[in-house]
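Step one of this worksheet: look at the structure below.
Protein chains: 2
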Amino acid sequence: MTVTLADVAARAQVSPATVSRVLNGNYPVAASTRERVLKAVDELDYVLNGPASALAAATSDLVGILVNDIADPFFGIMASAIQAEIGGPGGRAGGERLAVVCNTGGSPERELTYLTLLQRQRAAAVVLTGGAIEDAAHQAAMDTKVRKLADAGTRVVLCGRPPAPETGAIALTFDNRGGGQELTEHLIGLGHRRLGYIAGPEERTTTRHRLEGHRAALAAHGIEEDPRWTVHGRYDRRSGYEATLELLRRDPSLTAVVAANDSVALGACAALRDSGLRIPEDVSVAGFDDLPFSIDAVPALTTVRLPLAEAGARAGRIAMGREEAPPGGIASVRGELMVRGSSGVPRVS
Amino acid sequence: MTVTLADVAARAQVSPATVSRVLNGNYPVAASTRERVLKAVDELDYVLNGPASALAAATSDLVGILVNDIADPFFGIMASAIQAEIGGPGGRAGGERLAVVCNTGGSPERELTYLTLLQRQRAAAVVLTGGAIEDAAHQAAMDTKVRKLADAGTRVVLCGRPPAPETGAIALTFDNRGGGQELTEHLIGLGHRRLGYIAGPEERTTTRHRLEGHRAALAAHGIEEDPRWTVHGRYDRRSGYEATLELLRRDPSLTAVVAANDSVALGACAALRDSGLRIPEDVSVAGFDDLPFSIDAVPALTTVRLPLAEAGARAGRIAMGREEAPPGGIASVRGELMVRGSSGVPRVS
DNA sequence: TCATGTATAGAAAGCGCTTGCTGTCACGCT
DNA sequence: AGCGTGACAGCAAGCGCTTTCTATACATGA
């Protein structure tokens, strides 16, 4: 039924070994022979059996990309950049690799299971994106898994994720703390003294780092933080909307709202508008990430731009061994403050 | 070095066959034996060799999802819904399947190559999302490939894509034409008579269908279309911005701009604002898809909601054989007109 | 009691490919 | 003439698993 290597060999009047070598191109084959083989391949419409060759060669051309939420452009942009470098068909890379993205939905178990599945497939490389989960047990499990993968020859790269020392993984980490601090300092510089903060889910490293940056800025300027000023939520618009209403309820005198990311900030804007407040005259708003839509908000969102595409591309190259790993296996990637219309001088109260 | 089935068998004092059967659970194994085996698996930290079992069983647990642009939430939302149904770890499905999304970037070659790669991996199913490319040669090549996949036992589902008759693929098609028509009729109903249209890339079926719907609405109301009123571009914000400026240049008296999708519409809004025009007082704007951010535009975007998540989920279930295919293998999925602030009665000229 | 059935385990034959090793041949050198 | 050498090509041994067929051990009914 299905065409096999042997069929091609028979048709080209050579041994299966020769066909294999022509197809893999890592052994000298006379031009005339090669041509005959390729002709047979074409005529029979032969397609290599992936599992069989992976088994025999003990390697596979699968590369996994783990993302928290594939519907979120934050991950989409990174995944796209990674995939472009990995190769996939038409990528910059030579050999054809199957770059696949796996959606964990932010669930620790799925994260782990996908890693096992990729291990099972003997993936050539794995790129993990997005913040890690701060649960000791889960982190230990992940580290073990990652080390096992690395030991088995799978290259593991963390993109926008905190380093995992001793696991053999290369880390490209976003400087969320620095970005958060810079952003809040910008607002303080404008004169804000009462700033609400809408944080992401508590257990994520990204959440903690951004919040720490925010607090560092406050501390640096001698602003004592009111516990009521911080609300935790999810990384989505809805959460931003609700959290903003809550902040307003707790302290209507806030002059600025800093959001965990741009989606949350958009929700915050909507909530403020619905509460009859103007942006930035009454309340300034700031986001994080600088996703494409942020510039379309009205007013345009002040935020911290993360070089998602660049970082992804670099992670992809490192995963393919086409770029050297950073010294120590860890690199910090900085964000850039983008000051736009949503932040302004606070009203005089 | 690596642990194999045989190692587990030795440790559990059973034959490899038994271990395999315990792991696959499709053959009676005494409870005590099963337990012994599982214990050994656990102790040795055994991970099945995917390629080997795929080879031996002549099936794989890989399911491919092809998308045009993974950074676009339109695809992200569908992919997410599909993947949730396919299973992947923690999905509703039983067995653990590796649902992988492949980013074609809208390139015909990559589309084809990914299909070959998935064929090579003997994928269990493949879901193709997004509009097809209207190039006879490419379409023929795709159809051939799809038929070959289907013949080899891979279930192929088209989600938001025109049917491919005779290929054995199941199609869930979006009614782009109907949605486009309804949308434009809404604008005509408001009193608009001079409507600009920003279309997507010419060669995509989605582009053509939406445009046809638009034109059908115009024709139905006896409005003669000025060729200057249509501009083609890409499906992104930038393109919408530029196209709008072009439309304004060609005919400053337009009272409405209909965009190929929401991202384009956002670009259009930005261009109008930058041109000193108010929305909707001076010019109404409409989009398509109703992506999450559309409601955050100011004013909120009038658009056609496509049930991306629902359609994706259904496609996923069909791909897994957990839902019956629609009669004739083809189903049309309707959009729903969402009237919001960006469309209004035109100014009296 | 013996034939028969039922549940469970093992032996072994591949699945389709890669690759180390072993030819074979034509050359060119001494 | 004799032989080392390089360039190809083929043989055959797996890679780690699944699965068919067979074997064993009881339990059962006549």
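Residue numbers (my numbering), protein chains in the order written: chain E, 1 to 349; chain W, 1001 to 1349. All residues carry an ideal CB built from backbone N, CA and C; glycine is no exception.
1) Can you give me, in chain order, the residues of the region 99-120 of chain E that have a beta carbon less than 9 Å from any beta carbon in chain W?
2) Would E:A84 pass as a contact of E:I65 if the rule is Cβ separation under 7 Å?
3) Bridge partners for E:F174 per DSSP, in chain order?
4) Put W:A1199 into one of helix, strand or coil per three-state DSSP.
5) Is the CB-CB distance between W:I1330 and W:A1171 below 7 Å?
6) Need the endpoints of the beta strand (DSSP E) that W:L1306 sits in, please.
7) Do you know whose CA, among E:A217, E:V29, E:A12 and E:G321, lies nearest E:A40's CA?
8) Roughly how many whole angstroms lie between the Cα atoms of E:P73 and W:A1071?
9) So what does DSSP say about W:S1284, is it helix, strand or coil?
10) Using C-beta distances below 6 Å, list every residue in its chain close to E:A81, excluding the 5 sequence neighbours before and after it, in chain order.
11) Considering only residues of the same chain and omitting the five flanking positions on each side of E:A268, which have a CB-CB separation below 8 Å?
12) Alpha carbon to alpha carbon, how far is W:V1029 from E:Y114?
13) Whose C-beta lies closer than 6 Å to the C-beta of W:A1169 among residues of the same chain, with five residues either side of it excluded?
14) In chain W, which residues lie less than 7 Å from E:I77 when you measure between Cβ atoms?
15) Mind listing, in chain order, the continuous beta strand (DSSP E) runs of no fewer than 3 residues lying wholly within the region 1077-1156 of chain W?
16) Can you give the Cα-Cα distance for E:P162 and E:T154, rounded to whole angstroms?
17) Using a Cβ-Cβ distance under 7 Å, would E:P280 count as near chain W?
18) Excluding the 5 residues preceding and the 5 following E:D290 in the sequence, name in chain order all residues of the same chain whose CB lies nearer than 6 Å to its CB.
19) What do you get for W:P1051, buried or exposed, if any count of 16 or more other CB atoms within 10 angstroms of its CB means buried?
20) Just mark E:M142 as buried or exposed, buried being the case when its beta carbon has 16 or more other beta carbons within 10 Å.
21) Only counting runs of 3 or more residues, tell me where the beta strand (DSSP E) segments fall wholly within the region 175-257 of chain E, in order along the chain.
22) Using 10 angstroms around the beta-carbon of W:G1094, count the other beta-carbons present and answer buried if the total reaches 16, otherwise exposed.
23) DSSP puts W:C1159 in a beta bridge; with which residues?
24) Please confirm if E:G344 has its CB atom under 7 Å from at least one CB of chain W.
25) Just mark E:H221 as buried or exposed, buried being the case when its beta carbon has 16 or more other beta carbons within 10 Å.
26) Using the beta-carbon of each residue, which ones in chain E are nearer than 8 Å to W:P1307?
27) With distances taken from CA atoms, which of E:A10, E:L112 and E:W229 is nearest E:E43?
28) Provide the residue(s) that pair with E:V361 in DSSP beta bridges, ordered along the chain.
29) Drop a sphere of 10 angstroms on the beta-carbon of W:R1228, count the other beta-carbons inside from all chains shown, and report buried for 16 or more, exposed for fewer.
30) Here's the rule: buried if 16 or more other CB atoms are within 10 angstroms of the residue's CB, otherwise exposed. What is W:T1002?
31) Which residue's Cα is closest to the Cα of E:D262: E:S275, E:D236, E:R250 and E:V101?
32) Compare the Cα-Cα distances from E:E166 to each of E:L118, E:N24, E:Q139 and E:S332 and report the closest residue.
33) Please determine, among E:L62, E:D45, E:R249 and E:N68, the residue with the shortest C-alpha to C-alpha distance to E:R97.
34) Using three-state DSSP, classify E:D289 as helix, strand or coil.
35) From E:V8 to E:T59, what does the alpha carbon distance come to, in whole angstroms?
36) At the 7 Å Cβ level, is E:P89 part of the contact set with chain W, yes or no?
For this structure:
1) When CB distances to chain W are screened at a threshold of 9 Å, the residues of the region 99-120 of chain E falling below it are A99, V100, V101, C102, N103, T104, G105, S107, E109, R110, E111, L112, T113, Y114, T116, L117, L118, Q119 and R120, in chain order.
2) No.
3) Answer by DSSP bridge pairing, in chain order: E:V333.
4) If DSSP states are grouped into helix, strand and coil, W:A1199 belongs with the strands.
5) Between W:I1330 and W:A1171, the C-beta gap is smaller than 7 Å, which places the two residues in contact.
6) Here W:L1306 belongs to no beta strand (DSSP E), and DSSP marks it neither H nor E.
7) It is E:A12.
8) Each residue's Cα considered, the two are about 5 Å apart.
9) W:S1284: strand per DSSP, three-state reduction.
10) Once the five neighbours on either side are set aside, the close Cβ partners of E:A81 are A309, G312 and A313.
11) If you ignore the 5 residues before and after E:A268, its C-beta comes within less than 8 Å of the C-beta of I198, G240, Y241, A243, T244, V257, A259 and V285, all in its own chain and listed in chain order.
12) Distance between the alpha carbons of W:V1029 and E:Y114 is about 28 Å.
13) The beta carbon of W:A1169 sits closer than 6 Å to those of V1146, V1156 and L1158, all from its chain and outside the five residues before and after it, given in chain order.
14) Chain W residues near E:I77: A1071.
15) The qualifying runs are 1098-1103 and 1125-1129.
16) So the two alpha carbons sit approximately 19 Å from each other.
17) With 7 Å as the cut-off, E:P280 does not count as an interface residue toward chain W.
18) Taken in chain order, the residues that qualify are T303, R305 and M338.
19) Buried, since its Cβ has 16 or more Cβ neighbours within 10 Å.
20) Answer is buried; the Cβ neighbour count reaches 16.
21) The beta strand (DSSP E) runs of length 3 or more contained entirely in the region 175-257 of chain E are, from start to end of the chain, 195-199 and 230-232.
22) Confidence in W:G1094 is poor, its pLDDT being 40 and thus under 50, which makes the residue's placement unreliable; the coordinate value appears in the next sentence. Exposed, because fewer than 16 other Cβ atoms sit within 10 Å of the Cβ of W:G1094.
23) According to DSSP, residue pairing for W:C1159 in a beta bridge involves W:T1129 and W:L1172.
24) So no, E:G344 is outside the interface.
25) If you draw a 10 Å sphere on the C-beta of E:H221, you find fewer than 16 other C-beta atoms in it, and that means exposed.
26) By Cβ distance, chain E contributes nothing, its closest Cβ being about 14 Å from W:P1307, past 8 Å.
27) When only C-alpha atoms are compared, the closest one is E:A10.
28) This structure does not reach residue 361 of chain E, given that chain E is present from 1 up to 349, and the question cannot be answered.
29) Per the 10 Å Cβ criterion, exposed.
30) Classification of W:T1002: exposed, given that the 10 Å Cβ count is below 16.
31) Of the listed residues, the one whose Cα sits closest to E:D262 is E:D236.
32) From the listed residues E:L118, E:N24, E:Q139 and E:S332, the smallest Cα separation to E:E166 is found for E:Q139.
33) Nearest option by C-alpha distance: E:L62.
34) When secondary structure is reduced to three states using DSSP, E:D289 falls in the strand class.
35) Cα to Cα, E:V8 sits roughly 23 Å from E:T59.
36) Because the pLDDT of E:P89 is 45, which lies under 50, any placement of that residue in the model is unreliable, and the question is left without a value.
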